[in-house]
Amino acid sequence: MTKRGKDILKATELLKAGKNVAIPTETVYGLAANAYNLEAVLQIFSIKNRPKFDPLIVHTHSLDAVSEFVTDFPECSKQLLEAFGPGPLTVVLPKKDTIDDLVTSGLPNVAVRIPNHALTLELLKALPFPLAAPSANPFTYVSPTNAQHVLDQLGDKIAYVLDGGDCEVGIESTIVREFPEYLAVLRLGGISLEDLEKVSTKPVKLLSSGEAGSSPGNFKKHYATQTPMFLDASKSGSDAAKTGYIRFKDYLVGVPENRQELLAQDGSTYTAARNLFNTLRKMDKSGFTQIIAEKLPETGLGKAVNDRLQRASQ
Ligand code: TXA
Ligand code: MG
């Protein structure tokens with residue numbers, strides 16, 4: 004059976020039959036299931052080896068569709084989804100009973116996203132239910148940004164990968180939750196803090212992992228390569244010949260260029276985000292004993308990329 008293609012009808016039929024399908028989004032590939040089919044949702048946790056306390060994002064195609072499964076859609080959240088949706092923004096909202104506790108890990112809120120990818124939007128419009136979907140990688144490993152990444156790790160466990168090419172944004176969505184006094188950022192991602200601040204009618208507050216109200220899945224260690232990675236070179240080992248370097252835009256002088264990967268030759272933090280996970284996977288397969296990564300400037304998506312590098316590091 005062909006496991007990969009652009010066949011929306013096939014993806015629709017599989018999902019309606021309670022199967023899991025990997026779907027492209029502008030951020031990373033998701034491992035999708037009918038959000039209303041508990042067997043299909045359970046399957047996601049088992050394929051990813053993901054703990055049940057880490058809730059799933061529910062994906063849909065429009066603001067109207069969001070209203071079908073939330074009890075309240077506060078003004079600031081609505082404005083943000085209007086401004087950035089379809090796009091790399093996830094908004095946490097109070098859920099209706101139609102969304103089972105399994106999807107939200109028992110939380111009274113559901114994380115909602117309208118992804119910006121033509122194939123997946125078409126798929127979502129063709130389905131009579133929303134899709135619960137985490138990133139399509141084994142739990143704690145690097146997220147997939149193309150169909151091959153998904154097949155490399157989960158190929159034998161899923162029915163089909165809807166192939167939408169390389170992800171444009173390359174890191175996961177920014178997750179926000181509105182409180183009476185402020186807008187909390189639960190996870191940095193594809194929408195920069197600067198852009199959020201331009202649209203949010205409430206002050207934006209970045210929550211750190213473990214802080215009250217932060218995402219259950221916001222682990223300190225995440226997105227990790229198998230090869231140990233360091234942001235602080237002084238903590239790394241001394242095996243210079245087998246060290247790989249991840250650099251922002253310039254090669255490190257004195258180190259052969261075949262041991263270095265540049266995230267963004269054009270110096271853009273958006274380009275760096277797009278290349279990040281592919282670069283981590285490539286480095287992980289290159290036979291290095293350790294990887295040393297350079298931090299990005301903290302503007303644009305730099306802060307979100309640094310967050311991923313930090314979590315992937317020792
Ligand atoms: O860009 C993305 O968001 C991708 C694509 C596939 O849409 N999805 C993604 O899903 O990154 P996942 O499962 O890898 O990460 C979702 C994060 C987790 O950290 C989880 O704890 C948090 O969202 N989350 C989900 N539901 C939540 C809720 N009700 N309240 C707070 N955090 C929630
Ligand atoms: Mg993930």
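Under this note's numbering, the first residue of the sequence shown carries the number 4, and numbering increases by one thereafter.
The beta carbon of each residue, even a glycine, is placed where N, CA and C say it ideally should be.
So if DSSP puts residue i in a beta bridge, which residue, or which two residues, is it bridged to?
i           : result
residue 113 : 96
residue 136 : Residue 136 is not bridged to any residue.
residue 33  : 26, 138
residue 181 : 186
residue 246 : 293
residue 85  : DSSP lists no partner for residue 85.
residue 7   : 164
residue 227 : 144
residue 62  : 116, 134
residue 264 : 249
Exposed or buried, what is residue i when buried is set at 16 or more other beta-carbons lying within 10 Å of its beta-carbon?
i           : result
residue 274 : buried
residue 317 : exposed
residue 51  : buried
residue 211 : exposed
residue 269 : exposed
residue 261 : exposed
residue 241 : exposed
residue 74  : exposed
residue 172 : buried
residue 287 : buried
residue 256 : exposed
residue 303 : buried
residue 20  : exposed
residue 283 : buried
residue 244 : exposed
residue 146 : buried
residue 101 : exposed
Going along the chain, which residues of its own chain have a beta-carbon closer than 8 Å to the beta-carbon of residue i, five neighbours each way excluded?
i           : result
residue 112 : 95, 96, 97, 98, 180
residue 55  : 48, 105, 108
residue 208 : 185, 186, 187, 188
residue 9   : 122, 165, 166, 167
residue 130 : 15, 18, 19, 37
What does a CB cutoff of less than 7 Å around residue i pick up in its chain, not counting 5 residues either side in sequence?
i          : result
residue 13 : 163
By alpha-carbon positions, which one of the options ends up nearest to residue i?
i           : options           : result
residue 7   : 149, 74, 86       : 149
residue 218 : 46, 27, 58, 31    : 58
residue 220 : 64, 60, 37        : 60
residue 127 : 27, 194, 81, 187  : 27
residue 174 : 11, 309, 17       : 309
residue 160 : 43, 272, 236      : 43
residue 85  : 64, 102, 299, 103 : 64
residue 318 : 227, 238, 303     : Residue coverage of the chain in this structure runs from 4 to 317, which leaves residue 318 outside it and unanswerable.
residue 235 : 245, 313, 35      : 313
residue 90  : 143, 35, 29       : 29
residue 167 : 205, 121, 87, 158 : 121
residue 151 : 79, 222, 285, 100 : 285
residue 40  : 244, 136, 76      : 136
residue 103 : 80, 72, 118       : 72
residue 193 : 170, 80, 204, 205 : 170
residue 32  : 139, 203, 117     : 139
Residues in the same chain with beta-carbon distance under 6 Å from residue i, minus the five sequence neighbours each way, listed in chain order, please.
i           : result
residue 301 : none
residue 250 : 263, 265, 297
residue 277 : 173
residue 239 : 233, 293, 295
residue 37  : 18, 43, 132
Would you say residue i faces chain C, with C-beta separation under 8 Å as the test?
i          : result
residue 14 : The structure shown contains no chain C; it is built from a single protein chain.
Confirm the yes/no value for this check: CB of residue i, any heavy atom of the ligand FMN, distance under 7 Å.
i          : result
residue 91 : The ligand FMN is absent from the structure shown, which contains only the ligand TXA and the ligand MG.
_Exercise answer, beta-carbon shell around the ligand MG heavy atoms below 6 Å_ = 137, 138, 146
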